[in-house]
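Heads up: the sequence shown begins at 1 in full-length UniProt numbering, then just goes up one per residue. Every residue gets a Cβ at the ideal spot worked out from N, C-alpha and C, and that includes glycine. Since we're looking at a predicted model, the values are computed, not measured. Report on the structure given below.
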Amino acid sequence: MTSVDHLDLNLLRVFQAIVEERSLTKAGERLALSQPAVSYSLGRLRTLFDDPLFVRTRSGMQPTPVALELAGIVGKALDMVRVALRYAERFDPATSTRTFRLSLSDAGEMAYLPAICQALRERAPRVTLSVQPLPVEEIEEALRASRLDFAIGNLPELMPRTRHQTLFEETYVCMTGRRRGVPSGAALSLDQFVRAAHVNVKSVEHSHHALDDALRAQGVGRNIALEVPHFVALPSVLSVTDLYATLPKRLAQILNRDNAFRLYELPVTLPPAPVTMHWHEHFHEDEGNAWMRTLLTELVERFDDA
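The structure is reproduced here in structure tokens:
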């Protein structure tokens with residue numbers, strides 16, 4: 001029988017990385033280990049569990065039935081170790097060198113990252129913030145595995161399965177170049193909206209299903225002239241074309257601080273989209289996690305007062 005007294009915890013980290021990456025090279029990159037070091041650890045794991053664990057195939061390192069059975073057990077064990085280590089830490093923002101990992105869309109980066117970074121530099125100058133945008137289907141597992149501390153966005157899929165807090169309810173507006181839109185102060189009619197050419201932001205974080213559904217209910221639709229994956233392209237595109245774009249109101253207000261664009265209420269009514277902050281139950285009582293949640297909430301409230 002294998003004794004736990006001789007178990008190197010780092011071997012379990014290597015095992016989990018290979019299970020998730022299906023590649024010795026990628027597992028090494030994730031753990032900052034060379035491929036020979038990963039291969040050596042895999043050899044020790046094979047001896048420890050008396051099983052090949054992984055078989056090399058054209059599609060990568062495929063786990064054996066034993067490895068698949070172990071994967072969930074090892075993952076939970078490492079989660080509990082991470083939780084124990086976090087609770088052992090006293091969090092002092094003035095001296096902490098902790099890294100917080102945040103999933104944020106590009107719209108969120110443009111709207112909130114400057115204020116978040118400014119606050120961290122003032123209050124926690126040695127803390128590192130790592131922004132890691134993830135598809136919504138990967139966020140829950142990343143939170144569970146401590147590859148992510150927080151996720152912020154319109155994420156209704158996560159609400160039943162994670163700790164969360166509603167930060168605000170987002171509304172949307174239409175924006176176009178100042179010299180090309182309907183005169184300032186004039187309302188944008190439904191007819192003007194559908195006759196205009198539009199930029200559609202189509203990404204894994206955002207969609208305009210609610211807008212298109214509302215237009216479809218009126219028997220009309222948007223004339224899409226350009227599709228882009230990120231909101232960051234909008235200012236430069238709208239400033240030199242006659243295109244219109246629908247985007248979060250908060251982001252539009254930030255982009256229009258120099259009064260370079262025209263903003264209009266949409267000619268159809270959309271339900272507000274709740275923007276929520278998510279974290280894992282394991283770290284709900286963690287001092288650093290709680291401090292960061294308070295900071296993020298404060299920054300959102302400050303935006304509302306601006």
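For residue i, collect the residues of the same chain with a Cβ closer than 6 angstroms to its Cβ; drop the 5 residues on either side in sequence, then sort them by chain order.
i, result
"L167", "V275, M277 and V300"
"Q132", "R101 and S103"
"V173", "K249, A252 and L263"
"R222", "H198"
"T297", "none"
Look up residue i in the DSSP assignment and say whether it is helix, strand or coil.
i, result
"M1", "For M1, the predicted structure reports a pLDDT of 44, less than 50, and the residue's modelled location is therefore unreliable. The matter cannot be settled from this model."
"A197", "strand"
"L159", "In the sequence as presented, Leu is not what sits at residue 159; that position holds Met. In this structure, M159 counts as coil in the three-state DSSP scheme."
"E281", "helix"
"V228", "strand"
"R101", "strand"
"F150", "strand"
"R56", "strand"
"E301", "helix"
"A142", "helix"
"P235", "helix"
"residue 326", "Outside the modelled stretch of the chain, which goes from 1 to 306, sits residue 326, for which no answer is possible."
"A94", "coil"
"A187", "coil"
"A32", "coil"
"T241", "coil"
"T294", "helix"
"P65", "helix"
"A260", "coil"
"L211", "helix"
"residue 325", "Since the displayed the chain opens at 1 and closes at 306, residue 325 lies outside it and no answer follows."
Should residue i and residue j be called a contact, given that it needs their Cβ atoms to be closer than 8 angstroms?
i, j, result
"L78", "R44", "no"
"Q16", "V74", "yes"
"L238", "M292", "no"
"T128", "P272", "no"
"L234", "A225", "no"
"A71", "L53", "no"
"R144", "H280", "yes"
"A217", "L270", "no"
"L243", "V199", "yes"
"L31", "R13", "yes"
"L211", "P267", "no"
"A124", "P93", "yes"
Got a sec? Which residues, its chain only, sit under 7 angstroms from residue i by beta carbon, not counting five neighbours each side?
i, result
"M1", "With a pLDDT of 44 at M1, under the threshold of 50, the modelled position of that residue is not reliable, and no figure is offered here."
"R126", "T95, S96 and T97"
"F261", "M175, T176, G177, R178, L238 and L255"
Taking the continuous alpha helix (DSSP H) assigned at residue i, which residues delimit it?
i, result
"Q253", "K249 to L255"
"Q35", "Q35 to F49"
"S130", "Here S130 belongs to no alpha helix (DSSP H); instead the beta strand (DSSP E) covers T128 to V131."
"A107", "D106 to R123"
"residue 307", "Only positions 1 to 306 of the chain appear in the structure, and residue 307 is not among them; the question remains open."
"V268", "Careful: V268 lies outside any alpha helix (DSSP H) and carries neither H nor E."
Over the uninterrupted beta strand (DSSP E) stretch that includes residue i, give me the two end residues.
i, result
"G221", "Per DSSP, G221 belongs to no beta strand (DSSP E) and is neither H nor E."
"T176", "Y172 to G177"
Just checking residue i against the ligand FAD - is the residue's beta carbon closer than 7 angstroms to any of the ligand's heavy atoms?
i, result
"P271", "Annotation note on the ligand FAD: not contained in the displayed structure, which lists no ligands."
Please return the same chain residues whose Cβ sits closer than 8 angstroms to the Cβ of residue i, not counting the five positions on each side in sequence.
i, result
"D51", "T64, V66 and A67"
Are there three or more Cβ pairs, one per stretch, closer than 8 angstroms when the segment 145-163 is compared with the segment 250-263?
-> no
Give a yes or no on contact between the segment 140-160 and the segment 220-240, applying the rule of three or more CB pairs nearer than 8 angstroms.
-> no
Check whether the segment 20-30 touches the segment 60-67, taking contact to mean three or more Cβ pairs, one atom from each stretch, closer than 8 angstroms.
-> yes
Would you say the segment 277-288 touches the segment 188-207, given that touching needs at least three Cβ pairs under 8 angstroms?
-> no
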